[in-house]
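Trainee: Next up is a structure, given as structure tokens.
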Amino acid sequence: MTALSINLNKVALIRNSREGSYPDVTEFAQLCIDQGADGITVHPRPDQRHIRPDDVRNLAELVKSAREGLPKLEFNVEGNPFAPAIGNYPGFLELVTETLPDQCTLVPDGDDQLTSDHGFDLISSGEQLKPIIQRLHKLGMRVSLFMDPDLEQIELAKAVGADRIELYTGPYAAAWGSDQLEALFQQHLAAAKLATSLGMGVNAGHDLNLENLAKFATIPDLLEVSIGHAFTVDSLLMGMPQAVQRYKALLA
Ligand code: PXP
11 MTALSINLNK VALIRNSREG SYPDVTEFAQ LCIDQGADGI TVHPRPDQRH
61 IRPDDVRNLA ELVKSAREGL PKLEFNVEGN PFAPAIGNYP GFLELVTETL
111 PDQCTLVPDG DDQLTSDHGF DLISSGEQLK PIIQRLHKLG MRVSLFMDPD
161 LEQIELAKAV GADRIELYTG PYAAAWGSDQ LEALFQQHLA AAKLATSLGM
211 GVNAGHDLNL ENLAKFATIP DLLEVSIGHA FTVDSLLMGM PQAVQRYKAL
261 LA
């Protein structure tokens with residue numbers, strides 16, 4: 011079954027709109043775990059617009075202790091491996107070196123991007139990524155690369171040492187209800203099949219929701235989806251426990 015990793019960025023965004031620590035991101039992580047989420051994802055950024063370094067530290071601890079009863083539970087930290095230290099943001103690699111998530115998803119996002127909106131171009135950044143992936147492997151982390159469904163790029167992901175790819179599903183989600191959808195779905199399917207045949211695992215994420223997820227989840231061997239934005243909206247509509255259950259039911 012495809013694992014559901016809940017991205018809690020948006021809970022942190024609400025917290026950051028006021029002084030203080032309410033809502034408590036770890037409390038919502040615990041609630042998701044109690045309702046059957048398979049993992050927790052966060053995407054710290056140097057500008058700390060949502061998840062802050064202390065959130066990553068606290069969630070790492072929480073997942074570690076929750077795993078005593080749930081051995082398959084995972085913590086996934088996403089971000090730009092080239093993001094440097096700024097103020098009390100220690101830099102992405104320093105933060106994951108300190109907190110040791112199960113999976114590190116490397117994303118080529120810039121500070122000026124509202125959200126991640128493309129996968130890696132490994133022709134230009136592959137050589138820089140290789141030693142970073144090796145460093146994360148030495149620390150025991152699984153490394154996933156955020157990728158567009160481009161077959162040449164998927165082959166390069168294998169060549170630079172990725173364990174998994176995370177397919178960027180934004181364009182697939184944007185095409186929902188249009189006549190572009192099937193062609194885009196087929197591109198993602200072909201990319202996933204190639205990655206699997208090369209021995210990499212396949213994750214997916216961005217703009218997945220209760221409407222578009224079921225079709226995407228027919229991709230064979232889709233190991234994990236990470237969902238935040240729509241999940242948060244669904245939680246407002248129906249409550250977080252029910253939202254987790256609805257996403258889990260779609261993936262079952
Ligand atoms: N994957 C990556 C790399 C992301 O940056 C995000 C958004 O933080 C997601 C998945 C989840 O996307 P969404 O919030 O649209 O579900």
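Residues 11 to 262 (my numbering) are what the sequence shown spells out, left to right. Glycine included, each C-beta is placed from N, C-alpha and C at the ideal position.
Under 7 Å: does the beta carbon of isoleucine 237 sit that close to some heavy atom of ligand 1?
Mentor: Locating residue 237 in the sequence shown gives position 227, where the first residue counts as 1. The answer is yes for isoleucine 237.
Trainee: Classify asparagine 90: buried if its beta carbon has 16 or more other beta carbons within 10 angstroms, exposed otherwise.
Mentor: Within the sequence shown, residue 90 is the residue found at index 80, counting from 1. Flag for asparagine 90 reads buried.
Trainee: To the nearest whole angstrom, what separates the beta carbons of phenylalanine 130 and leucine 103, a pair I think is in contact under 8 Å?
Mentor: Against the sequence shown, residue 130 aligns to sequence position 120. Against the sequence shown, residue 103 aligns to sequence position 93. Actually they are not in contact, since the Cβ atoms of phenylalanine 130 and leucine 103 sit about 16 Å apart, beyond 8 Å.
Trainee: If you scan the segment 195-259 from start to end, which runs of the alpha helix (DSSP H) of 4 or more residues do you find wholly inside it?
Mentor: Here the runs fully enclosed are 223-226, 239-248.
Trainee: What is the DSSP secondary structure of arginine 174, counted as helix, strand or coil?
Mentor: If you number the sequence shown from 1, residue 174 lands on position 164. Looking at arginine 174 - three-state DSSP - the assignment turns out to be strand.
Trainee: For glutamine 144, does the count of other Cβ atoms within 10 angstroms reach 16, so buried, or fall short, so exposed?
Mentor: One-based indexing of the sequence shown puts residue 144 at position 134. Answer is exposed; the Cβ neighbour count stays below 16.
Trainee: Please report the distance separating the alpha-carbon of asparagine 219 from that of isoleucine 237.
Mentor: To locate residue 219, count along the sequence shown from 1; it is residue 209. To locate residue 237, count along the sequence shown from 1; it is residue 227. One C-alpha to the other measures close to 8 Å.
Trainee: Can you check which of these residues, Val170, Ala184, Ala185, Met210, is closest to glutamate 176 by C-alpha distance?
Mentor: Counting from 1 along the sequence shown, the entry for residue 176 is found at position 166. Among Val170, Ala184, Ala185, Met210, the Cα nearest to that of glutamate 176 belongs to Met210.
Trainee: Taking Cβ to Cβ, would you say aspartate 48 is nearer than 8 Å to glutamate 84?
Mentor: Residue 48 sits at position 38 when you count from the first residue of the sequence shown. Residue 84 sits at position 74 when you count from the first residue of the sequence shown. Cβ distance < 8 Å, so aspartate 48 and glutamate 84 count as in contact.
Trainee: What residue does the alpha helix (DSSP H) around asparagine 98 start on, and which one ends it?
Mentor: The residue you call residue 98 lines up with position 88 of the sequence shown. Asparagine 98 -> no alpha helix (DSSP H), and no H or E assigned at all.
Trainee: What residues are listed by DSSP as bridge partners for methionine 157?
Mentor: The sequence position of residue 157 within the sequence shown is 147, counting from 1. In DSSP, methionine 157 forms a bridge with Leu177.
Trainee: Buried or exposed for tyrosine 32, going by 16 or more other Cβ atoms inside 10 Å?
Mentor: If you number the sequence shown from 1, residue 32 lands on position 22. Tyrosine 32 is exposed by the Cβ-count criterion.
Trainee: Using only the alpha-carbon positions, how far apart do leucine 132 and alanine 202 sit?
Mentor: Looking up residue 132 in the sequence shown gives position 122. Looking up residue 202 in the sequence shown gives position 192. C-alpha separation (whole angstroms): 17 Å.
Trainee: Buried or exposed: proline 159, going by 16 or more other Cβ atoms within 10 Å of its Cβ?
Mentor: For the purposes of this step, residue 159 is identified with residue 149 of the sequence shown, where counting begins at 1. Buried is the call here.
Trainee: Skipping 5 residues on each side, what residues in its chain have a beta carbon closer than 7 Å to that of aspartate 57?
Mentor: Here residue 57 corresponds to residue number 47 of the sequence shown, with the count starting at 1. These residues qualify, in order along the chain: Asp121.
Trainee: Just tell me which of Lys74, Ala183, Asn98, Asp244 has its CA closest to the CA of aspartate 112.
Mentor: Here residue 112 corresponds to residue number 102 of the sequence shown, with the count starting at 1. Comparing Cα-Cα distances from aspartate 112 to each of Lys74, Ala183, Asn98, Asp244, the minimum goes to Lys74.
Trainee: If we call anything under 8 Å between Cβ atoms a contact, is proline 251 one with leucine 116?
Mentor: For this step, residue 251 is matched to residue 241 along the sequence shown. For this step, residue 116 is matched to residue 106 along the sequence shown. Not closer than 8 Å, so no.
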